[in-house]
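Please read the structure below before turning to the comments.
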Amino acid sequence: MSAIKRIFGLLWALMGVGIVPLVIKQAMKEIAAKPSEENWIFWSIVIVVLMPIIAFSLITFGVFALKGEYDTLEDS
Amino acid sequence: MAQNVRDVSTNEQVTSTRRVIAASSVGTLIEWYDFYIFGTLAKIISEQFFPKDNPTAALLATLATFAAGFVVRPFGALFFGRLGDLIGRKYTFLVTLVIMGGSTFAIGLVPGYKTIGFVAPAIVFLLRLLQGLALGGEYGGAATYVAEHSPAGKRGFWTSFIQTTATLGLFLALGVILIVRQAVGVETFGDWGWRIPFILSSLLVAVSVFIRLRMSESPLFVKMKKEGKTSANPLAESFKQKGNLKMVLIALLGATAGQGVVWYTGQFYALSFLQNACNVEFVQSNFIISIALLIGTPFFIVFGSLSDKIGRKYIMMAGMLIAIIAYRPIYSIMYNDANLKNKVEIVEKKVVTVKNAVKGADSLITTITTKAFTDGTTYKETVKAKFPVDPALKAALPKEKLKPETKKEVTLSQDLYYKMIGLVLIQVIFVTMVYGPIAAFLVEIFPTRIRYTSMSLPYHIGNGVFGGLVPLISTRLVEASRPGPGLPPADPLAGLWYPILIAGVSFVIGSLYISNKTNNMDVE
Chain S
25 MSAIKRIFGL LWALMGVGIV PLVIKQAMKE IAAKPSEENW IFWSIVIVVL
75 MPIIAFSLIT FGVFALKGEY DTLEDS
Chain R
-1 MAQNVRDVST NEQVTSTRRV IAASSVGTLI EWYDFYIFGT LAKIISEQFF
49 PKDNPTAALL ATLATFAAGF VVRPFGALFF GRLGDLIGRK YTFLVTLVIM
99 GGSTFAIGLV PGYKTIGFVA PAIVFLLRLL QGLALGGEYG GAATYVAEHS
149 PAGKRGFWTS FIQTTATLGL FLALGVILIV RQAVGVETFG DWGWRIPFIL
199 SSLLVAVSVF IRLRMSESPL FVKMKKEGKT SANPLAESFK QKGNLKMVLI
249 ALLGATAGQG VVWYTGQFYA LSFLQNACNV EFVQSNFIIS IALLIGTPFF
299 IVFGSLSDKI GRKYIMMAGM LIAIIAYRPI YSIMYNDANL KNKVEIVEKK
349 VVTVKNAVKG ADSLITTITT KAFTDGTTYK ETVKAKFPVD PALKAALPKE
399 KLKPETKKEV TLSQDLYYKM IGLVLIQVIF VTMVYGPIAA FLVEIFPTRI
449 RYTSMSLPYH IGNGVFGGLV PLISTRLVEA SRPGPGLPPA DPLAGLWYPI
499 LIAGVSFVIG SLYISNKTNN MDVE
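Protein chains in written order, with the working numbering: chain S, 25 to 100; chain R, -1 to 522.
Set out below in structure tokens:
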């Protein structure tokens, strides 16, 4: 079980890293195609609020899992 | 004799615990009520305070809608959580109640944009931020306070009463608004009647403050304070120490993020889907949600109690998994049942009424078409075309300005109405599964000295950010599936991918990393 937790840890960390360029690229593409106020507000919220939370939490969580910090939790 | 003394003592303990639960739950319910009336009355508030022709006011409206949920709620969680771990739970969540009640009451009294100009939206914006701040501090305090009074084997049961408050607060908000609207009339309600639900809040808050003032501090906090074991810096201890930060992360990613999206999908997105994708008439759609919420609410207690016996994790994860699997089939049935293309029209019952009114220099042509279908469903389409009477002015206007306003209203047959209640109820059951045990789960994974701070942040990020973004992102996904402007979406269910994805990740993380052996853990 611990091995699976650690392997998945790598996956979470990679997801956290990967999401940043993916979101920024998509935002730039959509805003360039239609630079409306609606688009700006939507992508500002995603980039300023949602993306940092997802990226930070997934990377930190993933690194902890990879290092075996969660191995000792019972009945997981 | 000894048996009698023990019985009296047990009875006193039960009465005392009931009082603790009632005092905490009523206050939290009122806070949710206060928070939701603003959201439910957003359209009227926008007309009163945030006129569309003023870009700054419109920007403030957007910020008021989003900032209160996304930024200020987690900030309130940190601010009041810290306070609650330093000075105590009782006084902190008393302060949040007063701030919430005061700002809600004040919103009801602020003169409109027409009277005091730009100051009006600025004041409302600040008051809305205060509401978000107070809400951020309230929930963690109430959950912690009740949990620290509860016996170990019944923590899920006792805290589940706090879990009913968010849904009941929404129900109360919808109910009060519908009653006041009915009593004063639609026009008067839009004019000044909308202020009544806000002002009414002050009475509710006064009663709740009175009850809370008579309560004593959490016994665990008192004990800890006496022993001098309170945290000197709860924020640093919560988020800088690896041992605690890893639990904050697991609470967020493995539980509250998934719970937040399931909660918002089952309640808010369901309503929005009924009104916008299925075009179900306003009052009928609100009744569908309200009845489903009312029937589903006791299940918070059922699952909270069950979590004391079989563990928090299994119930929360089961709720998430079933929601992930069932969302698309449920919404597909809802969409198809309301879709007029799947119905047979009674052609002879079709009625078209055209009204032409001239108001000043404008001509307003209103075309109302009503249709009836063999299954008992009726449909009303109102098309309003407004243009200048002067043909030269009309010709000079751009095409978009001449585009008529169309309002579609489907009134479902009695059978379909009940079926829709059933389909929404299933989603509310998912909500009760993931949300019922979560207060006990959060309380049990953090130590008393930093509990208020540590549990409040993941809760409000999960609900405020991940959950609060469901309407915005889901609407966006549906829009993105349109093959062209004005065309119907290729996938009307595309909006569900966001909650399915977030709940999916949360389910995998929760299943892998969360322990189920927390139900009998001592909250020390």
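For every residue, glycine included, the Cβ atom is placed at its ideal position computed from N, Cα and C.
Test: residue i CB closer than 9 Å to a CB of chain S
i	result
R/Phe68	yes
R/Arg474	yes
R/Tyr511	yes
R/Phe307	At residue 307 of chain R the sequence reads Lys, which differs from the Phe that was named. It does not: the Cβ of R/Lys307 has no partner Cβ on chain S nearer than 9 Å.
R/Lys112	no
R/Leu414	no
R/Val506	yes
R/Leu272	no
R/Lys240	yes
R/Asn518	Low local confidence applies: a pLDDT of 47 at R/Asn518 is under 50, so the model's placement there is unreliable, with the coordinate-based value given in what follows. Not one chain S Cβ lies under 9 Å of R/Asn518.
R/Gly502	no
Selected residue, minimal CA-CA separation from residue i, among the options
i	options	result
R/Tyr31	R/Ala150, R/Gly82, R/Val220 and R/Phe169	R/Phe169
R/Ala492	R/Leu485, R/Pro483 and R/Ser472	R/Ser472
R/Thr90	R/Pro149, R/Leu414 and R/Gly139	R/Gly139
R/Asn277	R/Pro217, R/Gly241 and R/Leu338	R/Leu338
R/Ser374	R/Ser411, R/Lys112 and R/Glu346	As written in the sequence, residue 374 of chain R is Gly, which differs from the Ser given in the question. When each option's Cα is compared against that of R/Gly374, the closest is R/Ser411.
R/Gly167	R/Thr157, R/Tyr143, R/Leu202 and R/Met431	R/Leu202
R/Ile194	R/Ala181, R/Ser206, R/Ala204 and R/Val205	R/Ala181
R/Phe159	R/Leu395, R/Val300 and R/Thr367	R/Val300
S/Leu82	R/Lys240, R/Gly79, R/Leu250 and R/Ser44	R/Leu250
R/Arg480	R/Ala275, R/Ala59, R/Pro119 and R/Thr113	R/Ala275
R/Pro109	R/Phe48, R/Leu172 and R/Val184	R/Phe48
R/Leu39	R/Ser14, R/Phe187, R/Pro386 and R/Ala21	R/Phe187
R/Leu125	R/Ala204, R/Gly183 and R/Phe33	R/Phe33
R/Phe84	R/Leu475, R/Ala478 and R/Arg447	Here the sequence assigns Leu to residue 84 of chain R, which means Phe is not the residue at that position. That would be R/Arg447, whose Cα lies nearest to the Cα of R/Leu84.
S/Pro45	S/Lys29, S/Pro76, S/Thr84 and S/Thr96	S/Pro76
R/Ile209	R/Glu477, R/Phe428 and R/Ile28	R/Ile28
R/Gly130	R/Ile97, R/Ser148, R/Ala145 and R/Phe116	R/Ile97
Short CB-CB distance (under 9 Å) between residue i and chain R
i	result
S/Val47	no
S/Leu82	yes
S/Ile55	no
S/Val70	yes
S/Asp99	With a pLDDT of only 45 at S/Asp99, under 50, the local geometry of the prediction cannot be trusted, and the value read off the model is given with reservation. Yes, its Cβ sits closer than 9 Å to a Cβ of chain R.
Interface partners of residue i on chain A, CB under 9 Å
i	result
S/Val87	Among the chains of the structure shown, chain A does not appear; the protein chains present are S and R.
Neighbouring residues, chain R, relative to residue i (Cβ below 8 Å)
i	result
S/Val41	Under the 8 Å cutoff, chain R gives no residues; its nearest Cβ is about 15 Å from S/Val41.
S/Ile28	Leu510
Within chain S, partners of residue i - CB distance below 8 Å
i	result
R/Val463	Val73, Leu74 and Ile77
R/Leu470	Phe66 and Ile69
R/Lys244	Phe85, Phe88, Glu93 and Tyr94
R/Leu247	Ser81, Thr84, Phe85 and Phe88
DSSP beta-bridge partners of residue i
i	result
R/Asn354	R/Ile363
R/Lys369	R/Tyr377
R/Glu29	The partner list for R/Glu29 (beta bridge, DSSP) is empty, contrary to what the question assumes.
R/Lys405	R/Thr380
R/Pro490	DSSP output for R/Pro490 lists no bridge partner at all.
R/Glu343	R/Phe371
R/Val278	R/Val408
R/Pro386	R/Asp360
R/Val349	R/Thr368
Cβ-Cβ separation, residue j to residue i (assumed contact under 8 Å), whole Å
i	j	result
R/Ala290	R/Ile419	5 Å
R/Arg87	R/Tyr450	6 Å
R/Ile436	R/Thr295	The pair is not a contact, with the Cβ atoms about 16 Å apart (cut-off 8 Å).
R/Lys384	R/Tyr377	The Cβ separation is near 23 Å, so there is no contact.
R/Ile293	R/Leu304	Not confirmed; about 18 Å, so no contact.
R/Met245	R/Ala316	So it is not a contact: roughly 22 Å between Cβ atoms.
R/Leu128	R/Leu455	Rounded, the Cβ-Cβ distance is 19 Å, inconsistent with contact.
R/Phe196	R/Gly106	3 Å
R/Leu95	R/Gly25	5 Å
R/Tyr511	R/Gly252	6 Å
R/Glu379	R/Thr404	7 Å
Residue i: contacting residues in chain R (beta-carbon distance under 7 Å)
i	result
S/Lys58	Those within 7 Å of S/Lys58 in chain R number zero; the least Cβ separation is about 10 Å.
Contact list for residue i against chain S, beta-carbon separation under 7 Å
i	result
R/Ile459	Ile77
R/Leu467	Leu74
Contact list for residue i against chain S, beta-carbon separation under 9 Å
i	result
R/Leu250	Ile77, Ser81 and Phe85
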